[in-house]
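Below is one structure, written out as structure tokens; the observations come after it.
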Amino acid sequence: MPVTIIVGAQWGDEGKGKVVDLLSKDIDIVARYQGGANAGHTVVIGEKEYVLHLIPSGIFHRHVSCVIGNGVVIDPIALMEEIAMIKSFNVKIEGRLFISHNAHLIMPYHKLLDSIREQGANKIGTTGRGIGPAYIDKYMRTGIRVVDLLNRDVLCRKLKANIEEKNQILSKVYGSKELDVDKIISEYEEFDKKIDPYITDTAAYLHDALSKKKNILAEGAQGALLDVDHGTYPYVTSSNPTSGGACTGLGIPPTAIKNIIGIVKAYTTRVGNGPFPTELNNATGEQLRKIGGEYGATTGRPRRCGWLDLVSLTYSIRINGIREIALTKLDVLDSFDEIKMCTAYNAGGSVLKSFPTDIQTLEKIEPVYRTMKGWKEKISGVKKFKLLPKNAQRYIELIQKLSGAKVSIVSVGARRDQTIKM
Ligand code: GDP
Ligand code: IMO
Ligand code: MG
83 MPVTIIVGAQ WGDEGKGKVV DLLSKDIDIV ARYQGGANAG HTVVIGEKEY
133 VLHLIPSGIF HRHVSCVIGN GVVIDPIALM EEIAMIKSFN VKIEGRLFIS
183 HNAHLIMPYH KLLDSIREQG ANKIGTTGRG IGPAYIDKYM RTGIRVVDLL
233 NRDVLCRKLK ANIEEKNQIL SKVYGSKELD VDKIISEYEE FDKKIDPYIT
283 DTAAYLHDAL SKKKNILAEG AQGALLDVDH GTYPYVTSSN PTSGGACTGL
333 GIPPTAIKNI IGIVKAYTTR VGNGPFPTEL NNATGEQLRK IGGEYGATTG
383 RPRRCGWLDL VSLTYSIRIN GIREIALTKL DVLDSFDEIK MCTAYNAGGS
433 VLKSFPTDIQ TLEKIEPVYR TMKGWKEKIS GVKKFKLLPK NAQRYIELIQ
483 KLSGAKVSIV SVGARRDQTI KM
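In our numbering, the protein residues as written are 83 to 504.
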């Protein structure tokens with residue numbers, strides 16, 4: 083049973099890209115299962131930094147095949163740019179990238195509707211990549227899939243029907259300019275030739291790999307607290323980043339899953355709107371942002387920062403079935419005199435130990451903190467747990483104890499070699 087799922091355990095940007103790249107050394111296939119180019123996964127190799135949006139983070143290992151599964155929504159423009167970027171670094175991609183014929187496509191009208199909706203009253207703070215509107219069409223059963231690019235008549239018919247409908251919405255609901263049907267059709271017809279070499283029945287490809295006992299990493303985007311079912315709705319993304327999403331998003335059975343690794347940042351960040359109990363709107367939050375370089379890898383927006391929240395983490399561990407934690411960015415805490423960890427919520431005098439996902443409750447609660455002494459030492463060069471400062475060891479041990487999951491990897495810098503295996 084060779085599938086390991088890598089899942090973001092917080093609100094995204096936990097360092098999934100780094101950990102997936104690191105683990106890919108011993109992996110045959112890395113497969114993205116949901117989301118789209120809203121993701122920004124950073125891989126640092128030597129002095130070079132690469133940001134991936136759609137292509138799985140195993141791409142820099144020559145022996146690894148990369149799959150973009152049926153659950154992903156693909157913006158062909160973003161994909162082509164990313165393929166060109168990777169090729170420009172002399173990384174061979176032909177024969178190594180497999181794109182599901184069943185994945186849905188993001189169209190210009192999805193991006194337009196995303197940005198128009200964000201100008202209205204109910205701002206989510208999306209990445210503007212058209213993710214929500216594309217998943218709406220998928221579930222409305224009017225979406226256009228990768229396979230449709232292969233048949234011009236089908237593509238034209240579906241695009242025409244969709245654009246005509248969207249034009250009604252754009253002009254009548256939002257008073258916006260209508261889109262040019264012919265221009266979009268000719269632009270998307272071009273993608274046929276470019277994407278064709280990569281299109282595969284990826285569920286069948288993965289099934290074959292499973293029968294050959296190949297090792298597969300399922301790479302989640304975003305994080306559990308942004309999950310459309312289990313996150314802080316409506317301030318979520320429009321897919322299931324939680325581990326369950328890996329099976330539907332790739333067409334693999336739950337019985338194939340061997341392990342689920344939760345990527346956990348040593349503190350918490352969130353981009354976009356929505357409740358964030360441990361957020362620090364003060365100099366400490368600013369210090370975390372500055373030291374951690376907490377600016378969005380996709381949009382460049384400053385990330386909201388705060389202390390680690392064990393209440394939401396314990397919830398995330400439960401809904402994902404996380405057994406192992408990869409704890410990232412521990413080095414960002416090096417200079418703090420005191421480090422806090424939220425162990426409970428105070429809700430109008432009563433103590434909450436479990437995470438409420440309704441935002442009305444979440445907006446009212448006060449975090450209850452446990453304060454620890456910092457270690458005040460640089461740890462990016464440390465290679466062994468026992469060589470970490472005692473207070474850093476205690477911080478990791480406390481996370482293990484309170485979360486009930488084993489910390490199996492500690493990341494102390496963005497590079498591959500800045501990692502402690504436990
Ligand atoms: P992802 O979306 O989960 O892949 O995470 P992002 O790439 O959006 O954000 C994580 C950021 O932290 C990137 O800039 C990484 O290069 C960086 N990073 C990852 N692990 C570490 C670490 O252990 N220490 C530090 N200082 N930076 C890290
Ligand atoms: P990675 O994979 C952090 C957030 C957006 C917004 C909400 C909905 O790099 O961890 P969307 O564009 O998906 O409709 O926006 O989700 N969001 C992310 N936050 N990391 C991400 O991806 C995110 N992808 C979406 O900021 O709050
Ligand atoms: Mg990111």
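The C-beta atom is built at its ideal place from N, Cα and C for all residues, glycine as well.
Beta-carbon separation (whole angstroms), residue i vs residue j, contact threshold 8 Å
i, j, result
"Ile40", "Asp416", "Only positions 83 to 504 of the chain appear in this structure, which leaves residue 40 out of reach."
"Gly212", "Asp196", "5 Å"
"Gly80", "Leu332", "Because the chain here runs from 83 to 504, residue 80 falls outside it and cannot be looked at."
"Ile109", "Val146", "6 Å"
"Leu136", "Glu96", "With 8 Å as the limit, Leu136 and Glu96 do not qualify as a contact, their Cβ atoms being about 19 Å apart."
"Tyr477", "Met454", "6 Å"
"Gly118", "Val155", "4 Å"
"Lys34", "Glu301", "Absent from the structure is residue 34, since the part of the chain shown begins at 83 and ends at 504."
"Glu368", "Arg386", "Not really, about 11 Å apart at Cβ, beyond 8 Å."
"Ser490", "Gln500", "About 16 Å separates the two Cβ atoms, so there is no contact after all."
"Arg452", "Lys488", "Actually they are not in contact, since the Cβ atoms of Arg452 and Lys488 sit about 20 Å apart, beyond 8 Å."
"Tyr315", "Thr439", "7 Å"
"Ala379", "Gly153", "Contact doesn't hold; Cβ gap of about 21 Å is too wide."
"Ala303", "Pro323", "6 Å"
"Gly344", "Ile399", "6 Å"
"Thr124", "Lys107", "Rounded, the Cβ-Cβ distance is 18 Å, inconsistent with contact."
"Val346", "Thr425", "Wrong, their Cβ atoms sit about 15 Å apart, outside the cutoff."
Own chain partners of residue i with C-beta closer than 8 Å, once the 5 adjacent residues on each side are dropped
i, result
"Asn244", "Met189, Tyr191, Asp219, Thr224 and Ile226"
"Ser258", "Leu194, Ile198 and Leu252"
"Glu260", "Asn249, Leu252 and Ser253"
"Ile510", "Here the chain comprises residues numbered 83 to 504, so residue 510 is not present and cannot be evaluated."
"Gly403", "Ser325 and Ile342"
"Gly430", "Lys446"
"Lys242", "Val263 and Ile267"
"Glu31", "Because the chain in this structure spans residues 83 to 504, residue 31 falls outside the shown range and cannot be described."
Cβ-based neighbour list, residue i, same chain, cut-off 6 Å, excluding 5 preceding and 5 following
i, result
"Trp457", "Pro471, Asn473 and Ala474"
"Gly77", "Because the chain here runs from 83 to 504, residue 77 falls outside it and cannot be looked at."
"Leu434", "Tyr427"
"Arg383", "Val353"
"Asn120", "Thr209, Arg211 and Ile213"
"Ala285", "Gly333"
"Thr381", "Thr209"
"Phe437", "Val393, Ser394 and Tyr397"
"Glu514", "The requested residue 514 is not part of the displayed model; the chain covers only 83 to 504."
"Tyr217", "Ser320"
N-terminal and C-terminal residue of the alpha helix (DSSP H) that residue i is part of
i, result
"Thr330", "Gly326 to Leu332"
"Ser485", "Lys472 to Ser485"
"Ile198", "Pro190 to Glu200"
"Lys432", "Per the sequence shown, the amino acid found at residue 432 is Ser instead of Lys. That residue, Ser432, is in no alpha helix (DSSP H); its beta strand (DSSP E) goes Ser432 to Leu434."
"His123", "Premise fails: His123 lies in the beta strand (DSSP E), His123 to Ile127, not in any alpha helix (DSSP H)."
"Gly99", "Lys98 to Leu105"
Extent of the continuous beta strand (DSSP E) to which residue i belongs
i, result
"Arg227", "Careful: Arg227 lies outside any beta strand (DSSP E) and carries neither H nor E."
"Glu301", "Ile298 to Glu301"
"Glu247", "Glu247 -> not in any beta strand (DSSP E); alpha helix (DSSP H) instead, spanning Arg234 to Gln250."
"Ser493", "Lys488 to Ser493"
"Ala426", "Glu420 to Ala429"
"Thr501", "Thr501 to Lys503"
"Thr86", "Val85 to Gly90"
"Ala113", "Ile111 to Arg114"
Cβ of residue i within 7 Å of any chain B Cβ
i, result
"Ser417", "In the displayed structure, chain B is absent; only one protein chain is listed."
Neighbourhood of residue i by C-beta distance below 7 Å, restricted to the same chain and skipping five residues each side
i, result
"Cys238", "Ile267"
"Ile168", "Ile137, Ile141 and Ile175"
"Ala291", "Asp110, Ile111 and Ile298"
"Gln482", "Lys488 and Val489"
"Arg371", "Pro384, Arg385 and Cys387"
"Lys265", "none"
"Met162", "Lys276"
I'd like the ranges of any beta strand (DSSP E) spanning at least 3 consecutive residues and lying wholly in the stretch 346-411.
350-352, 386-388 and 406-410
Is the stretch 301-320 close to the stretch 351-370, with three or more CB pairs under 8 Å?
yes
Decide if the stretch 308-326 is in contact with the stretch 281-289; the criterion is three or more beta carbon pairs, one per stretch, under 8 Å apart.
no
Can you list, in chain order, the stretches of the alpha helix (DSSP H) that have 4 or more residues and sit fully within the stretch 129-184?
158-170
For the structure I just gave you, are there three or more beta carbon pairs, one from the stretch 384-391 and one from the stretch 120-135, closer than 8 Å?
no
At which residue ranges does the stretch 438-466 contain complete beta strand (DSSP E) runs of 3 or more residues, listed in the order of the chain?
448-455
Restricting to runs no shorter than 3 residues, where is the beta strand (DSSP E) found entirely within the stretch 265-298?
none
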